[in-house]
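Asker:
In the UniProt record's numbering, the protein residues as written are 1 to 179.
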């Protein structure tokens, strides 16, 4: 990667290498490279001849017709190799797709057939059961059993009963609610 243009002015050798690298990468479209110096001493590299106000020097000469023919032949050979590689890759991919399809068909043939499910429509309308929501099962109606009968305390305090504000106690450890 070439450095930024500002640093190219300080190091003309790097600029020349970047220009030559760019010309080499261009391949068959390779052209002449000129080094142009303006009145302030700034150096630029271009593919066209320098302006009359600049001094210039040819850095990379134009290729000869034999060199151009050789480059074109190399380009055509590389292009044919690439097309042959692409065709070979397409053949490989087609063969892989065929083998994948054959394998999928073989696996499908080995799978058991799914059972046939026949739904018979109901003969009568379905019974609708009321529910209390999607997450709660239906509850039976709530009925509280009647409370058991409570024994009533005797009316007299003479038999050893002691009563306070809430309940009465007998001498045997039994308690009774106060009336």
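Every residue, glycine too, gets a C-beta built ideally from N, C-alpha and C.
What you are looking at is a predicted structure, and each value in this text was computed from that prediction instead of being measured.
Excluding the five sequence neighbours on either side, which residues of its own chain have a C-beta within less than 6 Å of the C-beta of residue 164, listed in chain order?
Answerer: none
Asker: Do you know offhand how far residue 161's Cα is from residue 173's?
Answerer: 10 Å
Asker: Any idea what DSSP makes of residue 177, helix, strand or coil?
Answerer: strand
Asker: Looking at C-alpha atoms only, which residue of 58, 98, 38, 63 is the closest neighbour of residue 52?
Answerer: 38
Asker: Relative to the C-alpha of residue 58, which residue among 67, 65, 69, 46 is closest?
Answerer: 46
Asker: Is it true that the CB of residue 32 sits closer than 8 Å to the CB of residue 65?
Answerer: no
Asker: Can you tell me whether DSSP reads residue 35 as helix, strand or coil?
Answerer: strand
Asker: Please list, in chain order, all residues of the same chain as residue 56 whose beta carbon is under 8 Å from its beta carbon, the five residues on each side excluded.
Answerer: 34, 35, 36, 37, 49, 50
Asker: From the DSSP output, which residues share a beta bridge with residue 56?
Answerer: 36
Asker: For residue 75, name the three-state secondary structure that DSSP assigns.
Answerer: helix
Asker: By the DSSP assignment, the beta strand (DSSP E) with residue 200 in it spans what residues?
Answerer: Residue 200 cannot be examined here, being either before or after the span of the chain that is shown, 1 to 179.
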